[in-house]
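Numbering (UniProt numbering), first residue to last: 1 to 233. Notes follow the structure.
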Amino acid sequence: MLAVAPAGVTPTHEGTASMTPLDLLGWLAAALGMSSTLPQLVRLFRVRRTEGLSLSLFQLNAAASAAWAFHGYLVQQPQLQWPNIVVLVLSLLVVVMITRDRGQSFWGKQIVVALLVAALICVDLWLGPVVFGILVALPYAIGVLSQLRSMHRATRLSGVSPVYLLVAFLVEALWFIWGVLVWELAITVSAATMGALCAVNVGYWAHRRWGRGQGPTTGGGASRETEPADALA
1 MLAVAPAGVT PTHEGTASMT PLDLLGWLAA ALGMSSTLPQ LVRLFRVRRT EGLSLSLFQL
61 NAAASAAWAF HGYLVQQPQL QWPNIVVLVL SLLVVVMITR DRGQSFWGKQ IVVALLVAAL
121 ICVDLWLGPV VFGILVALPY AIGVLSQLRS MHRATRLSGV SPVYLLVAFL VEALWFIWGV
181 LVWELAITVS AATMGALCAV NVGYWAHRRW GRGQGPTTGG GASRETEPAD ALA
């Protein structure tokens with residue numbers, strides 16, 4: 001999920017004395033992206049259950065956010081750095097709650113995450129921001145697909161916050177609109193792709209909630225409780 005604009009792109013236009021509607025739209029998308037994990041965190045505190053929730057999604061979000069925060073430090077862009085630090089902290093809090101609920105080790109799950117962050121930082125330092133901007137989008141996309149897989153495998157979706165899914169889609173929709181209006185191709189393509197994936201997750205949750213979608217069952221038709229084995233490590 002795009003919490004802030006990609007490398008070299010900021011929601012405000014340099015040289016303008018005041019905020020324009022496009023500037024406000026960009027900062028709205030950035031602010032919403034920064035706080036998008038809060039609904040999921042609140043739901044976990046409230047229900048204390050994680051059925052249907054993908055651990056990989058938040059591991060990958062944490063890794064990508066850490067890489068973006070480093071990139072923000074590298075290019076001296078605080079609007080890239082600090083929002084992603086917030087997303088990193090919130091994502092790690094979700095990981096803590098998921099691993100605790102499933103009786104797994106939090107630190108044991110962070111080895112691959114740390115390696116991914118290190119790899120993305122090396123890409124940023126050695127191959128430049130363009131390659132970094134392309135590769136850093138992959139964890140987000142894989143994470144969203146992992147969430148869809150977890151919802152499909154789960155017998156119940158009590159751990160999933162529909163508000164989180166909707167906000168994730170809304171963030172991408174705002175970035176897509178902003179990218180089209182300022183004709184920023186990187187954000188437009190990325191937000192369109194991620195928005196489509198987020199829309200599928202929202203649609204699947206609605207199908208399971210109000211449609212006839214059912215979780216996995218045993219051969220006898222009884223519900224089968226499973227804990228998704230979707231962690232990165």
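Yeah, the Cβ is synthetic: ideal placement off N, Cα and C, and Gly gets one too. Owing to the predicted nature of the structure, the values given are computational and were not obtained by experimental measurement.
Own chain partners of residue i with C-beta closer than 6 Å, once the 5 adjacent residues on each side are dropped
i    : result
L116 : A63
Y73  : Q81
M19  : none
DSSP-derived helix/strand/coil call for residue i
i           : result
A64         : helix
V136        : coil
T16         : Unreliable placement is indicated for T16, whose pLDDT of 46 sits below 50; no coordinate value is reported for it.
V9          : Summary for V9: the model assigns pLDDT 46, below 50, so the residue's position carries little reliability; its value from the coordinates is reported in the next sentence. Looking at V9 - three-state DSSP - the assignment turns out to be coil, as it is neither helix nor strand.
R208        : helix
residue 241 : In this structure the chain extends from 1 to 233, so residue 241 is not present and cannot be described.
F106        : coil
T50         : coil
Q76         : coil
Proximity below 8 Å, CB of residue i to CB of residue j
i           : j    : result
M151        : R209 : no
L25         : I177 : yes
I134        : L60  : no
A67         : I111 : no
L57         : V144 : yes
G159        : L92  : no
residue 247 : M34  : Within the shown structure, residues of the chain are numbered from 1 to 233, placing residue 247 beyond reach of any answer.
N201        : L127 : no
Residues near residue i by beta carbon distance below 7 Å, same chain, minus five either side
i    : result
Q40  : V94, S161, Y164
I85  : A69
G179 : I187, T188, A191
P21  : none
G195 : F169, E172, A173, F176
S65  : A3, N84, V87, L88, S91
Residue range of the unbroken alpha helix (DSSP H) whose run includes residue i
i    : result
L181 : 162-182
A154 : Neither: A154 is in no alpha helix (DSSP H) and is coded neither H nor E.
L116 : 111-126
Q40  : 38-47
W27  : 21-34
beta-carbon residue i near the ligand PLP non-hydrogen atom, thresh 7 Å
i   : result
R43 : As for the ligand PLP, it is missing from this structure, which has no ligand bound.
- prompt: With contact counted as at least three CB pairs below 8 Å, one residue from each stretch, are the region 103-117 and the region 169-183 in contact?
  reply: In short, these stretches do not touch, since the Cβ pair count stays below three.
query: Is it a yes or a no for the region 36-50 touching the region 96-110, going by three-plus beta-carbon pairs under 8 Å?
result: Between the region 36-50 and the region 96-110 there are three or more inter-stretch CB-CB distances shorter than 8 Å, so the stretches are counted as touching.
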